[in-house]
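Using full-length UniProt numbering, the first residue of the sequence shown is number 1, and each one after it goes up by one.
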Amino acid sequence: MKVIPALDVSSRLVVKRVRGIPGTGLVVGDPMKVAREVLEEGYDSLHLVDLDAAAGTGDNSATLLKVLKLPFKWIQVGGGVRSLDRANLYLKSGASAIVFSTLPFTDPEKFDYITREIGKDKVLVSLDYANGRILTRGWTVSSISLDQAISKVGKMDVKGTVLTHVGTEGTEGGVDEGALIVAKGLRGLKEYAGGVSTMEHLLKIKSAGFDAVLLGMAFHDRKLRGVVDV
C-alpha cells in the first residue's frame, strides 16, 4: 500500500486543519518548499488540494501549477474543480488525476460530461464524510448518506475513490473501521484519509484492501514521515 503525503493549500500556504475548520491546526509554509521536502523524503506521489477553491472563497491555482512542475510520478489534484477548463488546466500542467468531491453529488450530468472529456482513468471521486453523511463544497454542506454515496460511486466507471473521514481529519484520532468494511464494495483504486497516525492504523487500512493512504497531520508532525509503503 502506497503512502501519499497530502498538501492542503490556503492563501498560498500549506496548512493542515483539524476537521477542515479554518484557523485550526498548522500553518506549514511555502508549498514549493514543502513539496520539495516530500520528494527528498523519498515519496513519488502527492495529493494536492486548493482549500479556498473548494469552499468558494479563493483561488490558489497559480500556486498548484508551480508544484505540478516538480518531478513526482503521480500528483492528484482536487479542490473546487467544477469545470472542464479547470480540470484540463491541471492535467495539461502535469496532474495525473483530478479529485472530485462536490460535482458527482451536486451536478452528476456535468460530472459525467467532464469524465468523458478527460478520460475515466484521470478521475477520482472523494467521499468526504462525517456522522455518516457526505460533505460537499469544502465540507460546508451536508449531502446524502455515506452508504448511498458508496452505492452510487460503486457504479461509476472511474479510476477510483478517496474515502475521507472528516470527523478525524487532522486529529490523528484513529481509523473509522466501520467505514473500511463498508468501502469494500468500491471498485478501482481505493485511498483512505483521516485520523491516521500510527503503523497500526496503516496496517488496518491495508488489510481492508486499500491501495493508498493519504497522510496530512502525521506527515507534517513527523509521526509517520518517511513511511513510503506498507
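Glycine included, each C-beta is placed from N, C-alpha and C at the ideal position.
As a quick exercise: from the options, pick the residue whose alpha carbon is nearest that of residue i.
| i | options | result |
| --- | --- | --- |
| L224 | L135, M199 and V67 | M199 |
| V99 | L214, V230, L70 and I21 | L214 |
| L65 | R17, R19, R12 and P108 | R12 |
| V230 | K204, L135 and L48 | K204 |
| F105 | S143, A95 and A208 | S143 |
| D30 | I21, G42 and N60 | N60 |
| R133 | K122, K110 and S101 | S101 |
| G185 | G160, T171 and H201 | G160 |
| V141 | G20, E169 and M1 | G20 |
| K190 | R36, G173 and A208 | A208 |
| F219 | G188, K206, F210 and E169 | E169 |
| R187 | K122, V153 and K206 | V153 |
Just list the residues that DSSP pairs residue i with in beta bridges.
| i | result |
| --- | --- |
| Y192 | L163 and V213 |
| G29 | V14 |
| A6 | H47 |
| T168 | None; T168 has no bridge partner. |
| V77 | L48 and I98 |
| T136 | V141 |
| D128 | T164 |
| I21 | V18 |
If residue i sits next to residue j, beta carbons under 8 Å apart, how far is it from one beta carbon to the other, in whole angstroms?
| i | j | result |
| --- | --- | --- |
| G139 | V175 | Per the sequence presented here, residue 139 reads as Trp, with Gly not at that position. No, W139 and V175 are not in contact; Cβ-Cβ is about 19 Å, not under 8 Å. |
| S10 | D52 | 5 Å |
| D44 | K73 | 4 Å |
| T164 | A193 | 4 Å |
Within 10 angstroms of its Cβ, does residue i collect 16 or more other Cβ (buried), or is it exposed?
| i | result |
| --- | --- |
| T63 | buried |
| V162 | buried |
| T24 | exposed |
| E117 | exposed |
| Q27 | This sequence places Val at residue 27; Gln is not what is there. Label assigned to V27: exposed. |
| I181 | exposed |
| G216 | buried |
| S96 | buried |
| R222 | exposed |
| D8 | buried |
| Y90 | buried |
| K16 | buried |
| Y129 | buried |
Residue ranges of each beta strand (DSSP E) within the segment 84 to 116, 3 or longer
97 to 100
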